[in-house]
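Have a look at the structure below, then the notes.
This is the structure in structure tokens:
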């Protein structure tokens, strides 16, 4: 009787799928969260680049967002760039925006240049292989001056 019960218990496979799923679940969640965090990092980098491009163009053509009374205004340009970044839900402090209306890009002078630095905060730093949750990002763009 005990032998028959032991044989029946050894042949029972009803919990095997649950155990296998439990073993695979940890690495699967780690992979999914890591991919999401890496995607968020790339999205943030691209959003910063878009803000830098928009700011350099605004400065180069002296658009109303970057000018005051028809003349270039660095404070208006900074505010414009911060507005573009906030459209992507990014908060960029004024100190992290560097503007240069007399820049030289690729060895050619007469450009407006914007450089933005930003600290990306990883939700789960270990997923990106970071020692801390902060990762510095930079974006730079140039646009030829029209005036």
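In this note's numbering, the protein residues as written are 707 to 853. Even for Gly, the Cβ is constructed at its ideal location relative to N, Cα and C. Just so it is clear, the structure is predicted and the values come from calculations on it, not from any experiment.
Residue i - DSSP class collapsed to helix/strand/coil
{"i": "residue 757", "result": "helix"}
{"i": "residue 815", "result": "strand"}
{"i": "residue 733", "result": "helix"}
{"i": "residue 742", "result": "helix"}
{"i": "residue 829", "result": "coil"}
{"i": "residue 846", "result": "strand"}
{"i": "residue 782", "result": "helix"}
7 Å CB neighbourhood of residue i in its chain, flanking five on each side removed
{"i": "residue 771", "result": "764, 782 and 786"}
{"i": "residue 850", "result": "766, 816 and 817"}
{"i": "residue 830", "result": "739 and 743"}
Proximity below 7 Å, CB of residue i to CB of residue j
{"i": "residue 843", "j": "residue 826", "result": "yes"}
{"i": "residue 820", "j": "residue 762", "result": "yes"}
{"i": "residue 798", "j": "residue 822", "result": "yes"}
{"i": "residue 754", "j": "residue 845", "result": "yes"}
{"i": "residue 790", "j": "residue 812", "result": "no"}
{"i": "residue 773", "j": "residue 779", "result": "yes"}
Spatial neighbours of residue i in its chain, beta-carbon cut-off 8 Å, leaving aside the 5 residues before and after
{"i": "residue 745", "result": "none"}
{"i": "residue 800", "result": "784 and 788"}
{"i": "residue 852", "result": "766, 767 and 768"}
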